[in-house]
Amino acid sequence: MSVDAVILAGGYSTRADGFKMEFDIEGKTILQRCIEGFYDSCRKIIVVTGFKYEKIEKLVKDYEKVVTVYNDNYPKGMFTSIKKGISQVESEKFFLTPGDYPLINKKVIEEILTKSIKEENKNKEVIIPSFYGKGGHPILADSSIVQDILVKSDDYNLREFLKNRKVAYEIIEDKSIILDVDTAQDYNEALSEFNKKLI
9 MSVDAVILAG GYSTRADGFK MEFDIEGKTI LQRCIEGFYD SCRKIIVVTG
59 FKYEKIEKLV KDYEKVVTVY NDNYPKGMFT SIKKGISQVE SEKFFLTPGD
109 YPLINKKVIE EILTKSIKEE NKNKEVIIPS FYGKGGHPIL ADSSIVQDIL
159 VKSDDYNLRE FLKNRKVAYE IIEDKSIILD VDTAQDYNEA LSEFNKKLI
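So this note's numbering is basically just the index in the sequence shown, starting at one, shifted up by 8.
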């Protein structure tokens with residue numbers, strides 16, 4: 009099974025005190041940590057840029073598997089970045105996540121992939137990881153849904169789209185799937201969780 013990853017990194021970071029994609033998590037940026045979680049399992053990693061795209065391109069330039077795609081519609085919202093990113097998917101399946109999930113790791117990615125091929129999930133289009141009943145990221149989707157997303161209007165949203173699809177929730181006992189960095193408090197929590205994993 010071939011898998012790509014789409015990472016959304018084109019937002020404004022309006023609630024963070026600074027540009028969150030370059031916040032440091034023990035020597036690497038939030039975006040770099042996110043990329044490295046997917047690196048071993050994915051054929052290609054598509055990073056969608058927008059706001060401060062030049063900074064994003066510098067952060068990812070040393071990753072051979074990463075390609076960047078600029079979303080000139082980023083002021084219209086996240087769904088435009090989703091459309092831009094998935095239009096570049098070439099594999100059978102793809103992961104999708106915002107870029108501000110710095111603790112996504114190789115183990116989580118492998119576990120989602122393993123659970124996606126269970127017998128009861130073979131006809132599912134989307135796998136959503138959950139932690140104590142809360143859905144998280146990354147989602148894993150079959151590439152057959154790409155065209156159906158691309159024809160939706162730019163003001164649509166992913167949650168609405170998924171209501172009418174074949175979706176399975178799979179328990180992943182790792183807080184990283186719900187830990188995104190929107191505020192200074194989130195950032196401090198991410199640092200704390202990262203350091204716990206090192207112990």
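We put the beta carbon where it would ideally sit given N, CA and C, even for glycine.
Euclidean distance between Cα positions of residue i and residue j
i	j	result
S109	K183	What sits at residue 109 in the sequence shown is Tyr, not Ser. Going by the C-alpha atoms only, they are around 10 Å apart.
P5	I117	No answer is possible for residue 5: it lies beyond the span of the chain, which begins at 9 and ends at 207.
Y71	Y164	32 Å
I207	V154	Bear in mind that a pLDDT of 48 at I207, under 50, signals an unreliable position, so the model cannot answer this.
N172	I185	23 Å
L170	Y47	26 Å
P106	N129	24 Å
K73	S99	13 Å
Q96	S151	11 Å
A209	F31	Residue 209 lies beyond the residue range present for the chain, which begins at 9 and ends at 207; the question has no answer from this structure.
D194	D188	7 Å
D12	A192	30 Å
D190	L111	14 Å
E62	C42	18 Å
N203	L16	25 Å
M29	S138	24 Å
E168	F103	18 Å
G85	D156	18 Å
K126	K205	28 Å
Y78	K123	32 Å
E119	V14	18 Å
D80	N196	31 Å
I33	S49	22 Å
L166	R51	24 Å
Bridge-paired residues (DSSP) for residue i
i	result
F102	D12, A149
P137	E178
V75	I54
I94	In DSSP, I94 forms no bridge with anything.
I43	For I43, which the question treats as bridged, DSSP gives no partner whatsoever.
D32	T37
G143	S138
Beta-carbon proximity of residue i to residue j, cut-off 9 Å
i	j	result
L158	I53	no
E201	I136	no
E44	K115	no
S161	K101	no
L121	V134	no
G26	Y82	no
I180	G141	no
K132	V175	yes
Check: Should the stretch 32-41 be regarded as contacting the stretch 55-67, the criterion being three or more beta carbon pairs within less than 8 Å?
Finding: yes
Next item on the list: Report yes or no: do three or more beta-carbon pairs, one from the stretch 74-90 and one from the stretch 51-60, lie closer than 8 Å?
Entry: Segments in contact, yes.
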